[in-house]
Structures are given as C-alpha cells and as structure tokens.
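In this note's numbering, the protein residues as written are 45 to 559. The beta-carbon is built from N, C-alpha and C at its ideal position, and this holds for glycine as well. All values derive from a computational prediction rather than experimental measurement. Note sheet for the following structure.
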C-alpha cells in the first residue's frame, strides 16, 4: 500500500468517502501510513459545514485553522447563522425582533471572521503548508441564514425587514453590543443564497461583506424572487431591498480591485407563472414620490433610469466576468436617454476594459412596469408572452450594442429571455399545435471564443471550423427579429472583421443567414 502514488491514494479515499466527506467511512485508513493520513485529512477538511454555535467555531479554530496543513486543505466552508430569538425574549414588536436578528447575524459573522483571521498567516506564508499549490488556493465561503420552523411560523407576521449586517452607525440604536468584523484574506469566493425558506438576507450584504475580504476574486449573490408567483407577500419588501442595493453599489462606485467575477441573480420570471397571472404588472422601479401618479405605460417612461441597473453599470467596470439575472432595462448597459454623445471626451463614456464575458438573463417585465414581450393577438392563443414588443426591445439592444463597443477584450456576450413559444405541429414535427420552452437569445462571440459552460448553447458543437474561427452574431428562436440598422452596424463593428450571422431554432439547428 505504501508504494502507491499519493494521487492514487487520494482518488481511492475520495471514492470510499462518496460525494460528501464521511469521516466514519475513511477514518481507519489514516492509520495505514503518512500518505493515507494526508489523503484522509484532505478529504475530511476540504469541505466543512458549521453553525454560529460557539462549540462549532471553537472546534474549527482548534482543529483546522491553527493547523497549517489542515487549513491548506480547506476549500469550502458552509456557515449557517441561526437567527432564532433567545428563549427568554418576550418582546414581540417587529422593530425589536428585526434588530435582534441583525445583532445575532452580525455577531455570528464577527466570531467566524475572528477565527478566520488566524488563517491569514497561512496566506502570508508565515505558517503555510509545504504544498505551494494548496496555499495559493483560497476558500469558498457560503453563508446561509436560518430560522427554525417554529420560529418561522411565529415571525412571518413580524419580521418584515431583511436581515443585514450592523455597521457603526447602528450601534447607537441598539442596546446590544456587537463585535466589528475583521479583514480576512483567505476567502477568495463568497456565495450568498439570500432568499431561503427560513430566512432572508438583505442584498446589500454582499457588498458589506466584500469590503472585509481583500482577497475576494469571485462573488455569487442569489436573491431570487419569483415574479409574479411570490409577488403578493414579498414584492414590496423586495423592491425596498433592491433600492438599498442600488444605493450601496453607488456608494461603492466600483467593484473591489481584487474582484474578477460577479454573479447577481435578483429576480426570476417563470414564463408559466407569467401566463397564469395575466393582470400582473411589475411596479415602476424608477418611480419617485414626485411622479407617483405616472402609470407604467406613460410616454417617455423608457427614458427613466432604473437605479439598480445604472449602479451595476458603473460598479462592474473592473470585472472580467459578469452574470446577471433580473428585471433590467437599457440603463444597465448605457446611460438612459443618451447615445454615444454623452461627452466629447471618451473617458466620460462607460467602459469595461477587462470584461471578457457578460451574460444577462432578463425577465419579460421592464423596470417601468411594461413588457418586452406581448401575447399573440390570435384569439385562440394561450396567452403566452412570446411576441417581441419592438419598441422596448429596440431601446434595450441599442444600449447593449453601445456597451459592447466599449469592451475591448470581449469574448462572449449573451442577452436572453426564457419564454414559452406557441408552435404549430409542423414546426415541432408533431401532429398538433403545442407549446415549447426555450431561450429567445442574441449573442456575440469573438473569433475562436468558446461558449461558457454556464450558458447552454448546444448548437455551438455543430459549428464548422470556418464559423468557429470567425466572430459570430447568433440569433436563437427570434423568428426573424433583428435590431434596427444602426444597432446592427454597431454590433458588426465590435470585431475587426464582419461576423458570421447564425440563426438557431428551438431544436438547436444552426444555419448561416444574411444580416
């Protein structure tokens, strides 16, 4: 057994342990030799789940963090924060419960960060492992808020606000003392699943945490609100949370210098749910108190800026990869109501000098309460929104094309919607009319660019060598729709050579077409 190569031993241990580390299955193997001990420790400590309970944090610090080799094996840390009120608490006021939840969340993070500060020495090389490759890899930290099921039932009517981190300003309003966070350099990837069955974090938490993580290179924030099925109980709170995130992004001005990849999933519009709620109207996210009487269909509404889209546009200018999902308009890409003549100085124009990949999945609603797609006028239609609303889409793609022109190293750009298409039997190869789920998509790919794994484009495998070596403009399930002429000219000018135009149908059949 001792003659086996260490990599072979690691694979054997991984196979025995299964998908998730199982200490009982593999613990005995650590007694065979030093090689087997290292393999068992690697598998045991690479993925750890803990809570904010003092015993968990003390064990993490004593067993893992202070041991340089075990600390080096740690790749993923799942941290659950219990927000239940103490059993002695009798205060049922909403504001008091919200503050106590904020305090518990902040104190839980402060304790975790206090333990992880000890790991900073490993990153500085003062107590690092012998394996330099292990030392160079950071930790993925996933933070999850939790309420017990009993507490959830009691708090559904009281805990209205999203839980958030308390800052220095909040200390004067709280009777409880809480610790401040400490900078932690060993975290390279932060994952926040904000919208949970038993708890919800404010979206600005992602930015509040990022400023304490100087080594952060990747940020994933998922705060999915399914619109309109979740609209009744949660939409008003979600809109307030959205606006607070916009203000936090605006204050930050730009992403941290270390951050290279960001994912923000904010709203999800299931096309089946949209069809089941035909009278639903998304609230006007650009509206202020002074224009509260303006309806979503008011003329000129498309010229208003969505605060969150505009804030993300300026904040993202240092990123290499950006993935977004939500309800946005053209202000996400370009200042609302302005063309390329924002200023005679090119430095005043939006720019993304490092951005290589951008993927944006939009809901069918617009931030002003309108729609990007409308139902078919046919009285026999099922009401699915699958017909392009040309006025809204042309404005959107005009802004998108201008933004792509300010991305000098761009490789992949995708803008798409998920729709339910009403198809006749001949199109689907069936005997009767039916519906089909698919992506209404427009994409740009630079020469020799490989589609990213996160964007399912199976048709890319069928491209000829000539097509893959040239720049490509791809139109999937658009049924002949095209941007206006000036927008198409801007898209064609992104690359030095004229791109290939590809049309893709619901069955992923690809055909080269004229512009």
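Margin query: Between which residues of its own chain and residue 561 is the CB-CB distance below 6 Å, once the five residues before and five after are set aside?
Written below: With the chain covering 45 to 559 only, the question about residue 561 has no answer from this structure.
Notebook entry, point to check: When burial is assigned at 16 or more other CB atoms within 10 Å of the CB, is residue 411 buried or exposed?
Noted result: buried
Note to self: When you compare the segment 528-538 with the segment 449-460, are there three or more beta-carbon pairs, one atom per stretch, that lie closer than 8 Å?
What the structure shows: Yes, the segment 528-538 is in contact with the segment 449-460.
Notebook entry, point to check: When burial is assigned at 16 or more other CB atoms within 10 Å of the CB, is residue 484 buried or exposed?
Noted result: Residue 484 sits buried, since 16 or more C-beta atoms from the chains shown fall within 10 Å of its C-beta.
Next item on the list: Could you say which of 363, 302 and 153 lies nearest to residue 208 if we only look at CA atoms?
Entry: 153
Margin query: Suppose the cutoff is 6 Å on Cβ atoms and the five residues either side in sequence are ignored; what does the same chain contact list for residue 554 look like?
Written below: 503, 506, 546 and 548
Next item on the list: Could you check what DSSP says for residue 157 in three-state terms: helix, strand or coil?
Entry: helix
Next item on the list: Report the option in 161, 127, 183 and 422 whose CA atom is closest to the CA atom of residue 116.
Entry: 183
Check: Do you know how far the Cα of residue 237 is from the Cα of residue 250?
Finding: Residue 250 and residue 237: Cα-Cα distance of roughly 10 Å.
Check: Counting along the chain, where does the beta strand (DSSP E) carrying residue 117 start and finish?
Finding: Not the beta strand (DSSP E): residue 117 falls in the alpha helix (DSSP H), residues 112-117.
Notebook entry, point to check: Applying the criterion that 16 or more other CB atoms from any shown protein chain within 10 Å of the CB defines a buried residue, is residue 177 buried or exposed?
Noted result: Low confidence applies here, because residue 177 scores a pLDDT of 49, under 50, leaving its location unreliable and the question unanswered by this model.
Notebook entry, point to check: Taking the continuous alpha helix (DSSP H) assigned at residue 510, which residues delimit it?
Noted result: 509-512
Next item on the list: Keeping to the same chain, check which residues put their C-beta closer than 6 Å to that of residue 125; ignore five residues upstream and five downstream.
Entry: 96, 149, 152 and 189
Next item on the list: Run the CB neighbour count on residue 413, radius 10 Å, all protein chains shown included, and call it buried at 16 or more, exposed below.
Entry: buried
Check: For residue 305, which residues from the same chain have a beta carbon less than 6 Å from its beta carbon, with the 5 sequence-adjacent residues on both sides left out?
Finding: 262 and 365
Notebook entry, point to check: Measuring CA to CA, which of 525, 487 and 527 is closest to residue 516?
Noted result: 487
Next item on the list: Helix, strand or coil for residue 459, going by three-state DSSP, please let me know.
Entry: In the structure shown, residue 459 sits in a strand (DSSP, three-state: E or B).
Note to self: In whole angstroms, give me the CA-to-CA distance for residue 312 and residue 431.
What the structure shows: 19 Å
Next item on the list: May I ask you to report which of helix, strand or coil DSSP gives residue 196?
Entry: Residue placement at residue 196 is poorly supported in this model, since its pLDDT is 47, which falls under 50; the coordinates still yield a value, given next. Collapsing the DSSP output to three states places residue 196 in a helix.
Notebook entry, point to check: How far does the alpha helix (DSSP H) with residue 371 in it reach, from first residue to last?
Noted result: Unbroken run through residue 371: none, as it is neither H nor E.
Notebook entry, point to check: residue 405: buried (16+ other C-beta within 10 angstroms of its C-beta) or exposed?
Noted result: buried
Note to self: Taking the beta carbon of residue 551 as the centre, do at least 16 other beta carbons fall within 10 Å, making it buried, or is it exposed?
What the structure shows: Residue burial is scored here from C-beta neighbours: residue 551 has fewer than 16 other C-beta atoms within 10 angstroms and is therefore classed as exposed.
Note to self: In the DSSP output, which residue or residues are listed as bridge partners for residue 186?
What the structure shows: 122 and 235
Notebook entry, point to check: In or out: residue 92 buried (at least 16 other Cβ within 10 Å) or exposed?
Noted result: buried
Check: If you draw a straight line from the C-alpha of residue 86 to the C-alpha of residue 47, how long is it?
Finding: Rounded to whole angstroms, residue 86 to residue 47 spans 19 Å at the Cα level.
Check: To which residues of the same chain is residue 302 closer than 7 Å at the C-beta, ignoring the five residues directly before and after it?
Finding: 258, 259, 260 and 261
Item checked: Beta-carbon contacts of residue 246 that lie in its chain and below 7 Å, excluding the five residues immediately before and after -> 206, 207, 208, 285 and 288
Next item on the list: Please go through the same chain and pick out, in chain order, the residues whose beta-carbon is closer than 8 Å to the beta-carbon of residue 297, but skip the five residues on each side of it.
Entry: Take residue 297, set aside five residues on each side of it, and the residues of its chain with a beta-carbon closer than 8 Å to its own are 358 and 359, in chain order.
Check: Quick one: Cα of residue 295 to Cα of residue 370, how far?
Finding: 21 Å
Item checked: Local conformation of residue 419 per DSSP, three classes -> strand
Next item on the list: Quick one: residues in its chain with C-beta nearer than 8 Å to the C-beta of residue 363, no 5 flanking neighbours on either side, listed in chain order?
Entry: 299, 303, 304, 305, 306, 396, 398 and 399
Next item on the list: Could you pull the start and end residues of the alpha helix (DSSP H) that residue 351 belongs to?
Entry: For residue 351, the enclosing alpha helix (DSSP H) begins and ends at 351-359.
Checklist line | Span separating the alpha-carbon of residue 102 from that of residue 415 | finding: 52 Å
Check: Does the beta-carbon of residue 321 have 16 or more other beta-carbons within 10 angstroms, so that it is buried, or is it exposed?
Finding: Here residue 321 is exposed, its C-beta having fewer than 16 other C-beta atoms within 10 Å.
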